Structure formats: structure tokens, C-alpha cells
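So the structure is just underneath, and the comments pick up after that.
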Amino acid sequence: MDMIRTGKLALMLVVIFLTACASTGGQRKVPEHIDLQKITQELPEAQLLDVWIEQFDPGVLPEKEKKALGLSMEIREAEARYMPIHLRGVMEKAGYWGAVRVVPRNTEGAEILVRGLIIDSNGGDLELKITAEDASGRVWFRNTYTGEVGPEIYNNLWPKMDAFQAVYRLIANDLAKFRNQLTDQQRIAIRQFADVRFAADMAPDAFAGHLHKNEKGIYELDHLPAENDPAFQRVQVIRERDYMLIDTLNGHYDNFYLDMNSPYMEWRKARSAEAQALREVKRKANTRMLLGAAAIIGAIAIEAMGSPSTRASTSTLRDVMVLGGAVAVKSGFDIRSQGGIHTAAIEELGYSFSSEAQPLVVEVDGEVHTLTGSAEAQYKQWRELIREIYHSETGFSSPATLSGG
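For the sequence shown, numbering that gives the first Met the number 0 gives the first residue as 0, with consecutive numbering after it.
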């Protein structure tokens, strides 16, 4: 009973706090340099909240931008995996958090959840919409971060640094700012929400009635599971195994990040140069092709309209005009195709990641199971597996995702 009263008190405090302090939107124009806010001394484990960063939403590509800059959804999909991994690294360096993990979209059970939408990314400009919320469903902030760099920055990057490092640092600093205003009771309440939501996702029949969503879409905790509840204890054991699988998934993400780093930097460097002088590039390309075509047409005109003596005297000129015109046309196409090799490399990496990973063999309660497909598909299979195992052991009905009440 004391635990229940404590949980409700913590819930009330966290709701009051976040109602007063949460920010629902803002435009953050990022300067060239920002210092990462770091802890000055190691924090006690009890003060550390775990963070899950969802694979970003790749967004959409405007048709004009796609044609002008050679962007593709394949590259955006690769960026949607790459960027959360880099943000994770920045947040880990700050030291304010427990485990920081990258997870597939719509994964239930986070204490702190960070979502991202890529609005623009062309090497010279980066615009991200970042939403941060805690396990109660309360939004901490929903900010749009915009950064701009020149192509020269790609020649002076330190290892593990990103051209848009300032963007990632500002996101990490904003998260730390909200975290630093939490009390111990509020952190306890957030963990309780996360645990009960995970349990409700595993077994709605047993745990969905422990919390509900209010009219604002925020979860409210009605009561906590008893400490000696065997069903809840079993869920906690499963949750620890789930952490281990997410860590394995993050190993796949890490390998993808390392493989993508070099071609991605070169691709962004090329795209940044185009973004900085897009109109000039288009003007030069179009002008060269027009002049080249004009030269070829001019040579044909000399051939068609000149007298025999004129054609004979201008033979060399006509040959030069045709050859020069062809070179000019080719030069114009070459300008438009710069960076293509890096584009292909990135798209291939993204395809490889999303298509197939090494089969993963897991043992649960003495039974061996093989997870196949992409890394994300393997994790989805794992979630389904542990739900079914929990169902078979407890007799609760087949679980469904909690949608609130």
C-alpha cells in the first residue's frame, strides 16, 4: 500500500512539473559552434534515466530538390539510421543518462523517448524536428533544429565529429536541461510508467488496467503491480532479456554507422558544394550544354549553307566546333553527376542493412530460437517471441499493443 501511495504521489508531482515546464514547440537555429554540456561529477545510478532514440523518420523529398541535388529516399533511409546513432554517441559523452539505445520506430517501453524527423539534409543544410517525451507520454519539447555549413568544414573534421556536430550538441543540451529539473520522485515515477507500459504491452489482460490515458493523451497510473506479483516479476525478467537484444541490435547499428561514415562524408561534401552554389552550378551546366549544342549546330550550318570553297576553307573549323561542342555537352553532364559513386555506396549500405543480417540464435527457457532477416526484423520477431512465451507460461490472452482507455 505504501508503494502505491508513493507511486501516486510521484505521478502527481511529475504531472504538475511537466505541465509547468514542458515545451511543445520551437525553432532552434543552430550557431556554428556549441559546447556540449557535460556532468561535472559522476551521477548516482538512481538518478540515471535510460533513453531510447527511435530510428528517425526519413521524411519526404521535394521533387525539385531531388532533381537539383541528386537526393534519394534510399539515402534518406540510410540517414534515418545513421543520425540517431551519432546523437546517441553525443548523449553518452554528456554523461547525464543511463543506457542510451537506438531502437526501431514504435518500440514500447522507453523511460525517455526521442523521435526525429528529417526535414532537410543535403550536406550543406540540416533540418531536424526532434520530439522528446517521458514514459508518461508527456512531451518535454518538440523543436526544429536547423544548421548550415560550407563544404570547407568537411576538410577539417576530427574523428567521430560530424559536420553538424553543433546540431547534435544542442539537442543533447536541451534534453539535459529538462532532465536536470527532475526530482528523485519524478524520476521514480517515470521508471514506473515505463515498467507498467512494457508490462501492459506484454500482457494487456494483466496490466492494461493499471494505467490509462487522460483526455490530453497523457498516461495516468491507477495502481502499481504488487512487488510480489509473479506475473510482473516474470515481465521484469523478460525486460532484462529485451535490453540484451536491443544491445545486440545496436551492435548492428554501430557496424552500419562505421561502414557508412566515409562514403557519407564524401557524399555530403559533394552535396554541400552543390547546395552552396546550386544556381551557379545549374547555370554553368545549362550554359555549357547550350553552347556545346550551338557549336555543333553552327558546324552543321557551315556544312549545309556554305559554298564548296567555303566548306573546304572551314573544314578544320567545323571539326573543332563539333568536337568542342561534344566536349562541352559532356562537361555539362559531368557537373551534374558528381558524387554518384558515393551515392551508390550509401544506397547499397542501406539496402544491405534493411535486407539481411546474420541469423541470431537465442535461447529462452532452454528452447533455442533463430531470428532471421534484417536487424530490425529480428528484433520484431524477438518481441513477438517473448510475448508468446509469456502468454504460454501465464495463460493470459494473446497480447496486443496498449492503446490507452
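The beta carbon of each residue, even a glycine, is placed where N, CA and C say it ideally should be.
This one's a predicted model, so the numbers in the text were calculated from it and none came from an experiment.
Three or more beta-carbon pairs separated by less than 8 Å are not found between the segment 126-133 and the segment 209-228, which leaves the two stretches without contact. Excluding sequence positions up to five before and after lysine 268, its CB lies within less than 7 Å of the CB of Gly122, Pro150, Tyr153, all in the same chain and listed in chain order. Within the DSSP secondary-structure output, phenylalanine 192 pairs in no beta bridge. Shown here, leucine 257 sits in a helix according to DSSP, grouped into three states. For serine 391, the enclosing alpha helix (DSSP H) stretches over residues 374-393. The beta carbon of lysine 37 sits closer than 6 Å to those of Ala93, Gly94, all from its chain and outside the five residues before and after it, given in chain order. Alanine 79 sits away from histidine 251, with the two beta carbons spaced by 9 Å or more. When Cβ pairs closer than 8 Å are counted between the two stretches, the segment 157-168 is seen not to touch the segment 176-187, the count staying below three.
Excluding five sequence positions before and after glycine 216, the CB atoms of its chain that fall closer than 7 Å to its own CB belong to Gly136, given in chain order.
A residue is called buried when at least 16 other Cβ atoms come within 10 angstroms of its Cβ; asparagine 249 meets this threshold and is buried. The beta carbon of alanine 344 sits closer than 7 Å to the beta carbons of Pro262 from its chain, once the five residues preceding and following it are set aside; these are given in chain order.
In this structure, tryptophan 139 sits away from phenylalanine 192, with a CB-CB distance that is not shorter than 9 Å. Distance from the Cα of asparagine 105 is smallest, within the candidate group Arg196, Glu387, Glu265, for Arg196. Restricting attention to beta strand (DSSP E) runs no shorter than 3 residues, the segment 224-268 encloses none. Under DSSP, phenylalanine 140 forms a beta bridge with Ala131. Within the segment 39-63, no alpha helix (DSSP H) run of at least 4 residues lies entirely inside it.
Leaving aside the five residues that flank valine 367 on each side, the residues in its chain whose CB is nearer than 8 Å to its CB run, in chain order, Val360, Val361.
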